[in-house]
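Asker: Residue numbers (my numbering), protein chains in the order written: chain A, 9 to 258; chain B, 9 to 258; chain C, 9 to 258; chain D, 9 to 258; chain E, 9 to 258; chain F, 9 to 258; chain G, 9 to 258; chain H, 9 to 258.
Glycine included, every Cβ here is placed at the ideal spot set by N, Cα and C.
8 protein chains.
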Amino acid sequence: MVSEGYAKKLLADVQAGRLSVDEAAAGLGSLGYEDLGFAKVDHGREARKGFPEVIFGEGKTAEQVARLAEVVLARSDRLLATRVSRAAAAAVTVVAPDAVYHETARVVTVDRRAETRTAGGLVAVASAGTSDAPVAEEAAVTAELMGCEVSRLADVGVAGIHRLLDKLDTLREARVVVAVAGMEGALPSVIGGLVSAPVIAVPTSVGYGASFGGLAALLAMLNSCAPGVAVVNIDNGFGAGYMAAAIASG
Amino acid sequence: MVSEGYAKKLLADVQAGRLSVDEAAAGLGSLGYEDLGFAKVDHGREARKGFPEVIFGEGKTAEQVARLAEVVLARSDRLLATRVSRAAAAAVTVVAPDAVYHETARVVTVDRRAETRTAGGLVAVASAGTSDAPVAEEAAVTAELMGCEVSRLADVGVAGIHRLLDKLDTLREARVVVAVAGMEGALPSVIGGLVSAPVIAVPTSVGYGASFGGLAALLAMLNSCAPGVAVVNIDNGFGAGYMAAAIASG
Amino acid sequence: MVSEGYAKKLLADVQAGRLSVDEAAAGLGSLGYEDLGFAKVDHGREARKGFPEVIFGEGKTAEQVARLAEVVLARSDRLLATRVSRAAAAAVTVVAPDAVYHETARVVTVDRRAETRTAGGLVAVASAGTSDAPVAEEAAVTAELMGCEVSRLADVGVAGIHRLLDKLDTLREARVVVAVAGMEGALPSVIGGLVSAPVIAVPTSVGYGASFGGLAALLAMLNSCAPGVAVVNIDNGFGAGYMAAAIASG
Amino acid sequence: MVSEGYAKKLLADVQAGRLSVDEAAAGLGSLGYEDLGFAKVDHGREARKGFPEVIFGEGKTAEQVARLAEVVLARSDRLLATRVSRAAAAAVTVVAPDAVYHETARVVTVDRRAETRTAGGLVAVASAGTSDAPVAEEAAVTAELMGCEVSRLADVGVAGIHRLLDKLDTLREARVVVAVAGMEGALPSVIGGLVSAPVIAVPTSVGYGASFGGLAALLAMLNSCAPGVAVVNIDNGFGAGYMAAAIASG
Amino acid sequence: MVSEGYAKKLLADVQAGRLSVDEAAAGLGSLGYEDLGFAKVDHGREARKGFPEVIFGEGKTAEQVARLAEVVLARSDRLLATRVSRAAAAAVTVVAPDAVYHETARVVTVDRRAETRTAGGLVAVASAGTSDAPVAEEAAVTAELMGCEVSRLADVGVAGIHRLLDKLDTLREARVVVAVAGMEGALPSVIGGLVSAPVIAVPTSVGYGASFGGLAALLAMLNSCAPGVAVVNIDNGFGAGYMAAAIASG
Amino acid sequence: MVSEGYAKKLLADVQAGRLSVDEAAAGLGSLGYEDLGFAKVDHGREARKGFPEVIFGEGKTAEQVARLAEVVLARSDRLLATRVSRAAAAAVTVVAPDAVYHETARVVTVDRRAETRTAGGLVAVASAGTSDAPVAEEAAVTAELMGCEVSRLADVGVAGIHRLLDKLDTLREARVVVAVAGMEGALPSVIGGLVSAPVIAVPTSVGYGASFGGLAALLAMLNSCAPGVAVVNIDNGFGAGYMAAAIASG
Amino acid sequence: MVSEGYAKKLLADVQAGRLSVDEAAAGLGSLGYEDLGFAKVDHGREARKGFPEVIFGEGKTAEQVARLAEVVLARSDRLLATRVSRAAAAAVTVVAPDAVYHETARVVTVDRRAETRTAGGLVAVASAGTSDAPVAEEAAVTAELMGCEVSRLADVGVAGIHRLLDKLDTLREARVVVAVAGMEGALPSVIGGLVSAPVIAVPTSVGYGASFGGLAALLAMLNSCAPGVAVVNIDNGFGAGYMAAAIASG
Amino acid sequence: MVSEGYAKKLLADVQAGRLSVDEAAAGLGSLGYEDLGFAKVDHGREARKGFPEVIFGEGKTAEQVARLAEVVLARSDRLLATRVSRAAAAAVTVVAPDAVYHETARVVTVDRRAETRTAGGLVAVASAGTSDAPVAEEAAVTAELMGCEVSRLADVGVAGIHRLLDKLDTLREARVVVAVAGMEGALPSVIGGLVSAPVIAVPTSVGYGASFGGLAALLAMLNSCAPGVAVVNIDNGFGAGYMAAAIASG
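1) Apart from the five residues on each side of it in sequence, which residues of its chain come closer than 8 Å, Cβ to Cβ, to A151(G)?
2) Among V210(G), P235(G), G236(G), which has the Cα closest to the Cα of L227(G)?
3) Thinking just about the alpha-carbon of each residue, which of Y216(B), V214(B), M229(B) is nearest to the one in I199(B)?
4) So, at 8 Å on beta carbons, what are the nonlocal neighbours of S197(E) in its own chain, with the 5 sequence-adjacent residues on each side left out?
5) Which residues in the same chain have their Cβ closer than 7 Å to the Cβ of E54(G), if we skip the five residues on either side of it in sequence?
6) What is the rounded straight-line gap between the Cα of A148(B) and the Cα of N244(B)?
7) Can you tell me the Cβ-Cβ gap for V259(C) and T101(C), rounded? I've got them flagged as a contact below 8 Å.
8) Touch check for the stretch 160-176 of chain B and the stretch 12-26 of chain B: three-plus C-beta pairs under 8 Å?
9) With a threshold of 16 other CB atoms inside 10 Å of the CB of R94(H), please say whether the residue is buried or exposed.
10) When the Cα atoms are used, what is the spatial distance from M191(G) to G193(H)?
11) From the beta carbon of I169(A), is the nearest beta carbon of chain B less than 8 Å away?
12) What are the residues in the stretch 208-226 of chain E lying within 7 Å of chain F by C-beta distance?
13) Taking the alpha helix (DSSP H) that I208(D) belongs to, which residues open and close that run?
14) If you run the structure through DSSP and keep just helix, strand and coil, what is Y109(E)?
15) Entirely within the stretch 65-109 of chain G and at least 4 residues each: give me those alpha helix (DSSP H) ranges in chain order.
16) For a test of the three-state rule: what should DSSP assign to I242(E), helix, strand or coil?
17) A82(C): buried (16+ other C-beta within 10 angstroms of its C-beta) or exposed?
18) Let me see if you follow: with CB-CB separation under 8 Å, is L44(C) close to chain H or not?
19) Could you tell me if P105(H) is buried or exposed, where buried requires 16 or more neighbouring beta carbons within 10 angstroms of its beta carbon?
20) Would you say V62(B) faces chain C, with C-beta separation under 8 Å as the test?
21) With a Cβ-Cβ cutoff of 8 Å, do V214(B) and L179(B) count as a contact?
22) For R120(F), is the classification buried or exposed, using 16 other Cβ atoms within 10 angstroms of its Cβ as the cut-off for buried?
23) Quick one: is A144(G) near chain E, going by C-beta distance under 8 Å?
24) Would you identify the three-state DSSP class for D119(G), choosing helix, strand or coil?
25) Under the assumption that R135(D) contacts D163(D) (Cβ atoms under 8 Å), give the Cβ distance between them as a whole number of angstroms.
Next up, the structure:
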């Protein structure tokens, strides 16, 4: 699946001894993975993406989560598992006693790097209401494990806009802002109008009636009148934290 | 269609001569209308609602609009026609030379009251962007004809929130605020968090992509996190102005 | 976040001693709030909105609801908490023995004002069917706590329209009408055609099949052919009651 | 495609000479049609349905409409063509000089029956607003051609409910009521609460904003709180008139 | 709420002694109802609609259902309660020992008429699959209580169309057909193409994936290519049975 | 329900003794079924479709599933029952001790054919993630029972595209590919671009937020930019396996 | 982007002289394309998919279509261009005088194969109504160019089911059936119940009101109660024809 | 609208002469704008966001666009106007002879900076098909004006994945990738699985049938199985380019 010209040049180099098999294999982008039966763990992920494969805990048994954690940690010094029940977190602790369970975020992390200094700029995680906390915390923990310094600004929704304006200094200091909101989802637009940093908007399923499980907030954020705003899936705190870290540590 | 007890009491009073036929007819709520063939003009409307029947111009011929205007003005000293083309407005002027055409709002008004002093409190009409002007103006002209003083605040969208905060005095002075916005529809929530007056939110079909013809703004406004906000149909400036006047002049 | 001209004038006045620091701070709209960790209580809310912050009980623990109630009551003589379970209501009673639990409405109220005379005009709360009662009652209790006299008209849906017409006197007496309906949501349109007062329409999630959780009623209400109707979110009795009180007591 | 037992009994009767081929063919429900190349005209339709195949004019050329009319009239003494442009109507007149074009309804009819006395009960066609007239008229003309007496009640929408109540006598006299409405679509529910006759509800695409091309009215009608209401497609006046005639003439 | 002319004529007749109070009250359509606190029972319903108010059991306590049954039976000799749990059915039996619980349909009926001969034509209730049985049975029981003879055709969906064609005789004999189907909802179209009787289509929520709770079947039925088909709400067997009886017994 | 000409020819042949009753019955397509009361088992299905009627277990009692299994096996040597609970599977084992329960797929099969050699080409079942396994397995088991050789490619989603490219040989060998994916549903498009075999795409309800129960994947697959892709219902593994077998064994 | 093991083995073979550069390049799947500036023509398509890249004419200028046709024909002996205007078809004729324009289908084809004998089984293309003809014809022309024999069955919709049953012989003879229908989209289900061949269902945007541009038909087809049905995008005749040919010629 | 403590401290400093009026005004965040009547130009935008207000040309007259361009250029050395017609572009050239019209992107730019060296990392703009070019080009031009080096990768959709894999070097070199796609919208997921840079996904309205104006692609992108992907509105090339530049130049 490479272009004809490139492939032939590379192969000719191997044939002629100008390239070793290993160098050419790397040039072809050959990548490894490990087959567990119920899943194929993508060991090339860390090479390609800068971070090992993340375990999505929902719908998996505690045993499956623990087994996946074990396999990931066999090759990487970091682990991130999201949507993890308390039971699954306990199972992970058996195979990784240094695992930490972040309860609000429902996230398990392991960090075995020699030194875990933060890299890149500040990530600010702003959330509109108290019910948005689990999603915001999932974003914050993710960004921290990926090496970012994170500043949390909770309960700064637009119905009491002075609470937000009061935090302008922190917002303007940030390299990237994650803005988490349910209901009418106006927070990213207001922040996007105040700062020059990129804003990652996260709609949450908080709300009732015509919020339609976060659809109202999602549409509002996609239609933000402020430039510099991009959106991730409803309740996808992990995605926002990952994206923010990719931006901040770039 | 009245309750049995009430009807019998009233009829017994007529039978006994305690009530005249006219008084009893009024007690039964009997109401008149006029049949034009293509429409029945509801002359009881002004009695019930405090304002004559409003002509909705869309999908009607210039002749029909003019004929309806004539019939309404035969019994009322005010006229309001919305969604009126320039041609239909001209046709109205033939039957009502004192008719005024409000071009941005696409509205025709006639006001023949002896004195047209404004009654009730101030109506503030705030709009988010320049494209929201026609809807906002329809609301403003409607409220004015219904006897309200109106203050217009244009282009105060949330992406440059200082433009809005700069008008806080006017907003707080108002008896009712009409907030007009397309795109993410965040303006009513922000205003609703700043003032104690009721806010009538008007989503507009301004936007593109996932705004879905105003649906994004509509959902956002229905999910406003600020209390004291109620919503009218997409682009329904007339409805918002009417509602605002009903509140302000109460 | 104020305009340049206004800010400089105010600051010059302070510099020149024409304004005290307190007066200028008020002019800048500086506002206080209290950080509870899991929430920031907006103490400026009562100043801005005329009513203290309302506690939304859904998704909060009994302890959180009680703690928030305590904080609000420390500064205000009124409390409103909606969507409160029986357990959370009990927890509130511990910190506020004079709290009242309105069971149908699932609302907790405290009213410690010296005199609680009603202000402004009458609020009529009309509901279409018996299943709409909880939403209607939430609206009624909210408006009462905000100082309004409320008249309840239950089970007056349009399939037996004489029950509604029989209450015309009460409807016409009202300063504002709240109309609560599920299914086809026709009640606000019919009432809107009969009275001159503004009508706040509340769609409920009552219905099945193609009611889609209240969507059918919501769309019907937004498309009301009667002017003077505005809509709040599905099942949002609180929002309707709040809006009605803001109108009636204006 | 008949059951094994039935088929064998019938065939044995033919074999034994107890049934002629023609009688058995009828017993098997064999049916004729005519292939025009661009369409197959279903001549069995009149036998099965009591009315010849109806021509749907939209998207067909004037020539195609005229050709289809010719083929239908070769075997039937009635013709109904809907959504017919003025040009196509003219083309039909060439092949059927006695064709009548109903302009508001955009319908062409031919009726060559020896005597066209009305059969069955009265069909009442009620419509909410003046813009609903084309759909209502399509229903009325269809029912008339199918042999029903039709009474038209125009502009009786629920925002001026006395106009409707004033026609109660006619409504209660009807064997079936067709109720045509756009916007919030409340008319069928109100009529359904007043009469015992079945009500055929027709949503129209009249409206704007969140009417979504008639979807709001459609959902409202499907959720009618009054029993005895069934719904046809948006703007489907023909379908409603056909259904009403099938009921009234039964 | 009657027209001015009519009301004055009637009142003048009373004044002049030409009409008694009772006659005039009837002429005004005055109607009674009974207020139970949690519901207003519409005793005028039987007069207007030919059938007493129907009890919708969903969301009501067993006590409420039983109390409503008692009140309805105090004035009527028939009772219909739908969506009734086994517990509520038992409670009804206490106040009405002759009540019958139809388990599949989840319906309770009482019929105390002196003679319950069927009136009008046959109602055929056809259903596509075994899972559609509860909805079909609700329709059948309703039509029976309203005095119709009912013929049930179960499991005749279009994937094995010979099962349907085999019942053509019964279908063609019927005065009205109720066609119940989930999934792709094709049954009413096929039946509508075969018979001249009107067809009441009932979409059911049977299906999965993109059936979206019956929406797929609902849309299919509204778009039926066969004329003479009208649709009721998803799973609304009662509505279809009621409509069918109104047609068959007309 | 056959054409007039065909029916008459056939009947004349019977009359003339050229055809026996049985032959003519077959020519008329007469077909048998068995009525169990709660269902009609379509015994003509195997003749028409090449496979006996499949039992859909969802919403049926264990007894009903077992009874249906018994009836099917009385006439066929194969049985397929989908969406079967463990309890219903046990009930089937009582009437068919050779029944096999496929736990991941929630499918019961019986295969009593003398020789069960695979026919036709290879069916490849590719799935994107571990959560898609139950749907993929339902497809695989179905195809196997219908006589196909099946190759399973699990966890080959597009976020690690080398895992998919690594299986190109198997994919290109297949006569037909079933591609199962939730979330963004991109797998069928990528496979469709790589192979010439037809691809049956199965969206799954795996995902959260704006996946809307599989709608996102469904729409993506319908809009595939690669030709040679067709789609079945969300989570409909059985349908995909059946379709694949119909293609492969053709 | 191949697996590590595979790549290394292949490279070692080249290094050792066991494989030539060309053979190894083929093993790596290296593929060519041609960059036209406004498009990259995928010359590997014919190798991978068995058919050259198809030109989608919508939104392209006549010049662009002709230029693309020229490039495709430089390497392939067949050409298929869909959604081609008459003007663009003329432009293609300039570069390929043997091009054929299929007017109903709006398709241009060129076929320069030495012998164009049909391969594989029969493709039957059945369509419900006359308005479905363009989509059906697009499917038929596509399948023919791909080497299939095609049988067209027009106007066999389910409202006159005898027209369909009359064609059972042809349907049962087919290796694969394409079923094209708008409105309620029932045709594929009925066919799917009658034949054992796989059915490719194509919803069309034919219809009005609640057909929502083909959505009603699409959902119906996805929910087909008959197994052996898969669906392509609305109006995607090309996709259905391509899929059918891939099945029939397999 | 600042917190009480902060405001009082600042005012006390002014009162005490520790801060000048200008310094304190800046501390309060006071901001300027210019009122043009039909719009308020936000001159604080460049200070807050690092880029002057962008002109959205759709729905504005050529004169309005030109006037706005003039006002922006009076205070800034850069100008960006999107969705600009050829006529409006000509009007801008009158007031800014150095304006450049980018035809494919429909964008006007002016760049008067002394030196316009690119800053930050590379922005790669990948698009799936030729029809996506206008949106991709809008993104590219926007990012270039904001100071980024841009690399364009056109026509690299997933149906011919080797064209994309062939560009892996460029993609991996980029600091941020903009991925533009219509139809099934799979491109961002595949790219997101290959690179560690953040990916901004732009759905386009390219497609037909069930693409629903870009909704299918939008949902697919929001549900991407690859982390590091965030989404902007349908067809919002400007938004993606702006976001990319904010990331790349951070």
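Answerer: According to the data block:
1) V131, V133, V158, V186, G249, Y250, A252, A253, A256
2) V210(G)
3) M229(B)
4) A228, M229, S232, C233, A234, V237
5) P60, S84
6) 12 Å
7) The first residue shown for chain C is 9 and the last is 258, placing residue 259(C) beyond what the model contains.
8) no
9) exposed
10) 28 Å
11) yes
12) Y216, G217, A218
13) Looking at the DSSP string, I208(D) is not in any alpha helix (DSSP H); the run it does join, the beta strand (DSSP E), is 207-211.
14) strand
15) 70-83, 94-103
16) coil
17) exposed
18) no
19) exposed
20) yes
21) no
22) exposed
23) no
24) strand
25) According to the sequence shown, residue 135(D) is Ser rather than Arg. Rounded, the Cβ-Cβ distance is 7 Å, consistent with contact.
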